[in-house]
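Let me begin by presenting the structure, written as structure tokens, before commenting on it.
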Amino acid sequence: FEENRERPAFLTKLWTLVEDPDTDPLICWSPSGTSFHVFDQGRFSKEVLPKFFKHNNMASFIRQLNMYGFRKVKDDTEFQHPFFIRGQEGLLENIKRKVPSVRQEEAKMSADDVHKILNDVQLIKGKQETIDSRIISMKHENEALWREVAKPTRLSLCKLIQFLVSLVQSNRIMGVKRKTDWSSNSDGSPPLAILVLTAAISDSLKLHT
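Here is the structure:
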């Protein structure tokens, strides 16, 4: 079929189809010439549609008619358009395809589509809440671990004191050998050096708690 540049292919094919006398048993003009009839939709779908429109779907054919403003007359097999008239092919230029408004497009969204979108949103929200909860939990675990690692335990402090005592008793601090026994004062209490070092170590450890 030769397509008019100003005319949609569907209208050109439809006109040729209705005009063709060979297809009159299945589709033809009404006696008045202002509408056309489709007979035996089963045969029409199988024998005619594939030759003209590359499909055999009657519902799709009717949907195309509706998009170009055709309407049913009397029954489901007669269609009419004010510019689709026998002998007046030039009027086809006035037939325009309907452009659905934004609201019409939005109205096509089914309840199932809306339900699916809402479910997806809830799923994403649930995943985000799980991630946030996990982050908070990891933060708390990290803080607890840091406190446990940084906390100066009594055992650690005792070991440090014992180490200092052993150094004093061996009279070797910084590699210098001393003759005086610094392990204790005359009254048996720890020497001042040990007390000072112990306090310094304790204060240093407290900075990490």
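Anchor point for the sequence shown: position 29 equals 152 in the working numbering, and the numbering is continuous, going up by one each time. Even for Gly, the Cβ is constructed at its ideal location relative to N, Cα and C. For clarity, every value in this text was computed on a predicted model and none was experimentally measured.
What residue from the options has the CA that sits closest to residue i's CA?
i, options, result
"residue 220", "207, 202, 188 and 240", "188"
"residue 210", "186, 161, 236 and 157", "157"
"residue 174", "241, 137 and 261", "137"
"residue 207", "287, 155 and 285", "155"
Compute the Euclidean distance between the alpha carbons of residue i and residue j, then round it to the nearest angstrom.
i, j, result
"residue 130", "residue 239", "40 Å"
"residue 144", "residue 205", "22 Å"
"residue 218", "residue 192", "8 Å"
"residue 246", "residue 197", "50 Å"
"residue 148", "residue 233", "39 Å"
"residue 265", "residue 258", "10 Å"
"residue 283", "residue 244", "58 Å"
"residue 142", "residue 201", "15 Å"
"residue 170", "residue 237", "40 Å"
"residue 213", "residue 190", "20 Å"
"residue 300", "residue 261", "Low confidence applies to residue 300: its pLDDT is 47, below 50, so where it sits in the model is not reliable, and the reading given next is rough at best. Going by the C-alpha atoms only, they are around 51 Å apart."
"residue 146", "residue 179", "16 Å"
"residue 195", "residue 176", "20 Å"
"residue 199", "residue 183", "14 Å"
"residue 132", "residue 249", "50 Å"
"residue 256", "residue 235", "31 Å"
"residue 269", "residue 263", "10 Å"
"residue 172", "residue 252", "54 Å"
"residue 241", "residue 271", "45 Å"
"residue 288", "residue 267", "33 Å"
"residue 222", "residue 254", "45 Å"
Below 8 Å on the Cβ atoms is my guess for residue i versus residue j; work out the distance and round it to an integer in Å.
i, j, result
"residue 164", "residue 181", "5 Å"
"residue 140", "residue 215", "Not confirmed; about 13 Å, so no contact."
"residue 167", "residue 150", "6 Å"
"residue 159", "residue 153", "6 Å"
Note the first and the last residue of the continuous alpha helix (DSSP H) segment covering residue i.
i, result
"residue 185", "181–190"
"residue 176", "172–176"
"residue 140", "132–142"
What residue range does the beta strand (DSSP E) around residue i cover?
i, result
"residue 202", "201–203"
"residue 159", "158–161"
"residue 218", "Per DSSP, residue 218 belongs to no beta strand (DSSP E) and is neither H nor E."
"residue 150", "150–152"
Is residue i close to the ligand MG? I mean its beta-carbon at under 7 Å from any heavy atom of the ligand.
i, result
"residue 289", "The ligand MG is not part of the structure shown, which contains no ligands of any sort."
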